[in-house]
Structure formats: structure tokens, C-alpha cells
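**Q** Have a look at this one.
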Amino acid sequence: MTTLADLAAMGRADLARLWADLIGGEVPASMSQPMQRRFLAFEMQARAEGGMPAALLARLDRIAAGEERRASPTVKPGARLLREWHGTTHVVDVLHDCYLWNGVRHRSLSAIARAITGARWSGPRFFGLVSLMEGRGDGATRTARKPRANPRKDRAA
């Protein structure tokens with residue numbers, strides 16, 4: 030039985046044989062030997078620990094097939110979103126089919142966030158809306174924390 034320590038000394042032919050045994054098929058032609066070793070090491074460890082739970086594998090299959098998607102946060106028409114950015118308070122009104130900001134209709138919150146910041150933001154994240162709680166598929170939501178004024182700057186600290 031091959032051990033993790035054995036992987037470091039294996040050549041291309043040995044890695045390809047092990048790949049066929051553990052993963053099946055051929056190694057992708059563009060995959061480097063170090064990357065092959067990482068994939069094989071992961072597979073060996075996953076098998077030693079029992080692999081992923083069946084429920085997780087089934088969910089991943091549903092996601093890959095496009096049968097399950099995380100719902101976008103929804104805000105009802107008539108709601109008003111407020112966000113302060115660099116000392117300016119921005120107000121967005123939620124309409125039935127769009128968003129109104131500075132008297133201009135926008136199809137997405139992301140477009141508004143981009144106009145405000147000059148950078149690509151997730152609109153729902155920028156305005157502090159909620160995403161589905163991890164691990165819950167029932168549509169339940171929770172209130173998000175107040176977004177940071179400049180997440181890139183905050184992360185560097």
C-alpha cells in the first residue's frame with residue numbers, strides 16, 4: 030500500500046498508475062507532478078478518514094446538476110436601503126422590478142455598489158443584506174452584520 034511519504038519519490042508513470050487506481054481515468058495532460066501528488070495525497074487521506082459524508086456528496090451532485098442554488102437575498106418593494114460610503118449616505122429605494130438610486134433606475138444592487146465605490150462589489154453584501162445561513166436550505170435568513178467601510182483596508186490590518 031502506498032503511503033503519503035511514498036508520493037514524493039514517485040515518478041510520472043507511478044503517479045499515473047496510482048491515479049488510475051484511486052481516482053480512475055487518466056491524469057489531465059496539463060497537470061504537473063506536484064499537483065498530481067497533492068490530489069493523490071488528498072484522495073488517500075479522504076479514504077483513510079472515511080471520505081465525505083453521503084449527504085454532502087448528494088448535495089454537491091445536486092449543485093453540479095443545477096438543481097440546487099443558493100437563493101439571493103430578497104428585499105420587498107418599498108424597502109429603503111441606506112449605506113454610508115466615505116462620509117456620504119446613499120439611499121436606495123427598492124421598486125417592484127428594479128432599484129432607484131439618485132433618481133436613476135438600476136437593475137441590480139451590484140451596479141449601484143460599483144457606481145458608488147468604483148469597484149466590483151456584491152451589491153447585497155455592500156448594502157448589508159443577508160445571505161442564506163450556511164447549511165440551511167429552508168430559505169431562512171438572518172440579519173447580516175454591518176458591512177465594513179473598506180474591507181480591503183480592514184483585511185490588511
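Numbering (the working numbering), first residue to last: 30 to 186. Cβ atoms here follow ideal geometry from the backbone N, Cα and C, with glycine treated the same way. If you're wondering where the values come from, they're calculated on a predicted model, not measured in any experiment.
Can you list, in chain order, the stretches of the alpha helix (DSSP H) that have 4 or more residues and sit fully within the region 116-161?
**A** The region 116-161 contains these whole alpha helix (DSSP H) runs: 138-146 and 152-155.
**Q** Using the C-alpha atoms, what's the distance from Arg88 back to Arg136?
**A** Going from the Cα of Arg136 to the Cα of Arg88 covers about 31 Å.
**Q** Count the other CB atoms, across all protein chains shown, that sit within 10 Å of the CB of Ile92; report buried if there are 16 or more and exposed otherwise.
**A** Exposed, by the Cβ-count rule.
**Q** Could you tell me the boundaries of the alpha helix (DSSP H) in which Glu72 lies?
**A** Gln62 to Ala77 is the extent of the alpha helix (DSSP H) around Glu72.
**Q** Go to Ala37, then tell me how far its alpha helix (DSSP H) extends in each direction, as first and last residue.
**A** Element bounds for Ala37: n/a, residue is neither H nor E.
**Q** Given this structure, state the Cα-to-Cα distance separating Asp122 from Leu158, to the nearest angstrom.
**A** Approximately 14 Å, taken between the alpha carbons.
**Q** Would a C-beta distance cut-off of 9 Å place Leu111 and Ala70 closer than the cut-off?
**A** Against a cut-off of 9 Å, the Cβ pair of Ala70 and Leu111 comes out as no contact.
**Q** Is the beta carbon of Arg76 sitting closer than 9 Å to the one on Ala37?
**A** Cβ atoms of Arg76 and Ala37: not closer than 9 Å.
**Q** Alpha carbon to alpha carbon, how far is Ser59 from Trp48? Give it in angstroms, no decimals.
**A** C-alpha separation (whole angstroms): 14 Å.
**Q** Output yes or no for whether 9 Å exceeds the beta carbon distance between Arg143 and Arg149.
**A** Contact: yes.
**Q** Taking only the alpha-carbon atoms, compute the straight-line gap between Phe68 and Asp43 and give it to the nearest angstrom.
**A** Rounded to the nearest angstrom, the two C-alpha atoms are 14 Å apart.
**Q** In whole angstroms, what separates the C-alpha of Arg184 from that of Met30?
**A** Its pLDDT being 48, under 50, Arg184 is placed unreliably in this model, and the value from its coordinates should be taken loosely. Cα-Cα distance, rounded: 44 Å.
**Q** Might you give, ordered along the chain, the residues of its own chain that have their beta carbon closer than 8 Å to the beta carbon of Lys105, omitting 5 neighbours on each side?
**A** If we look at Lys105 and ignore the five residues flanking it on each side, its Cβ neighbours are Val123.
**Q** Counting C-beta neighbours from all protein chains within 10 Å, is the total for Ile141 16 or more, i.e. buried, or is it exposed?
**A** Under this definition Ile141 is a buried residue.
**Q** Per DSSP, what kind of secondary structure is Glu163 in: helix, strand or coil?
**A** Residue placement at Glu163 cannot be trusted, given a pLDDT of 36 that sits under 50; the coordinates are not used to answer.
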